[in-house]
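Residue numbers (my numbering): 85 to 288.
Some notes on the structure that comes next.
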Amino acid sequence: MRGYGLTRGRITQEEYCPADSADDVYRFLLDDIAAGRLEVFNLWVQAFDHDGRGRGPPGGDHATLEDLTIGIQQLCFNNQRNSLTDALSKNSLITASRNRAGTPQAVKDTYHATVGWFLKRRPLPREALARIQCSVRLIHCEDDVAYPVQYTEDLEDRLRDAGIADVELLEVPGPHYGSVVNPQAYVSFIVSLSPPPSVTKTVF
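Below, the structure written as structure tokens:
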């Protein structure tokens with residue numbers, strides 16, 4: 085997860101686009117989703133009372149962090165919980181508290197990682213999409229409350245317009261992180277897309 089892992093390095097205010105990230109294609113951010121991200125960021129600031137003077141309880145205000153966690157779970161998992169979603173939420177909170185709290189600079193880095201970066205994303209140009217030289221399968225989770233399927237359909241159309249002949253949109257059950265909520269079904273679905281292995285007969 086960007087900004088919450090164990091890697092080091094800052095996310096700056098420099099301009100950049102999905103072309104620098106290879107797998108980001110669209111600016112998938114609606115106004116309400118931008119507002120949701122900003123609300124989560126504001127809760128994060130509130131939890132640690134960032135005013136540049138180090139106020140606030142050690143580890144942040146637990147009640148505010150609980151509200152923040154609930155909001156993130158709604159966005160990512162539609163509040164469907166299992167051992168994976170709980171572990172991911174807990175680990176993300178621990179690492180984010182270490183990496184994204186404590187100083188004014190950490191607050192700026194958090195904003196750029198969780199809000200600003202997404203607001204600056206732009207669609208890849210047609211000529212960039214045209215360089216794809218393989219089949220493309222777009223997998224959209226049906227219950228994703230953040231990104232409607234229309235955006236994936238638009239990407240499908242843009243890929244075809246760029247000359248990619250073998251493009252297919254596949255919808256699967258699940259929320260934004262469907263692979264975490266129902267990993268068994270998700271993996272089985274991915275495996276079903278793979279061609280069967282060729283069988284070689286050895287004659288003795």
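Every residue, glycine too, gets a C-beta built ideally from N, C-alpha and C.
Keep in mind that this is a model prediction, so the values were computed, not measured.
Span of the beta strand (DSSP E) around residue i
i       : result
Cys-218 : Unbroken run through Cys-218: none, as it is neither H nor E.
Glu-226 : Counting along the chain, Glu-226 falls outside any beta strand (DSSP E), and DSSP gives it neither H nor E.
Within 8 Å, strictly: CB atoms of residue i and residue j
i       : j       : result
Gln-130 : Thr-153 : no
Leu-203 : Ala-119 : no
Leu-243 : Leu-277 : no
Leu-290 : Val-199 : Given a span of 85 to 288 for the chain in the structure shown, any question on residue 290 remains unanswerable.
Gln-157 : Asn-163 : yes
Asp-193 : Arg-205 : no
Val-251 : Phe-273 : no
Leu-168 : Pro-267 : yes
Option nearest residue i by Cα separation, candidates the options
i       : options                               : result
Gly-144 : Gly-155, Val-256, Phe-132 and Arg-165 : Phe-132
Ile-248 : Glu-211, Val-275 and Ala-190          : Glu-211
Ala-246 : Pro-209, Tyr-270, Ser-173 and Leu-168 : Pro-209
Leu-254 : Asn-163, Thr-236, Thr-179 and Arg-184 : Thr-236
His-320 : Arg-165, Gly-155 and Phe-125          : Only positions 85 to 288 of the chain appear in the structure, and residue 320 is not among them; the question remains open.
Gly-258 : Tyr-270, His-146 and Arg-182          : Tyr-270
Cys-160 : Ile-178, Val-251 and Ser-173          : Ser-173
His-146 : Ser-181, Ala-171 and Asp-170          : Ser-181
Residues bridged to residue i (per DSSP)
i       : result
Glu-255 : His-224
Run of the alpha helix (DSSP H) containing residue i, from where it starts to where it stops
i       : result
Ile-274 : 267-277
Leu-168 : 167-183
Tyr-235 : 233-245
Ala-190 : 188-195
His-146 : 146-161
Arg-210 : 210-213
With a cut-off of 8 Å, do at least 3 Cβ pairs link the region 229-249 to the region 205-221? yes
Inter-stretch contact at 8 Å, needing at least 3 Cβ pairs: the region 260-268 / the region 227-234: yes
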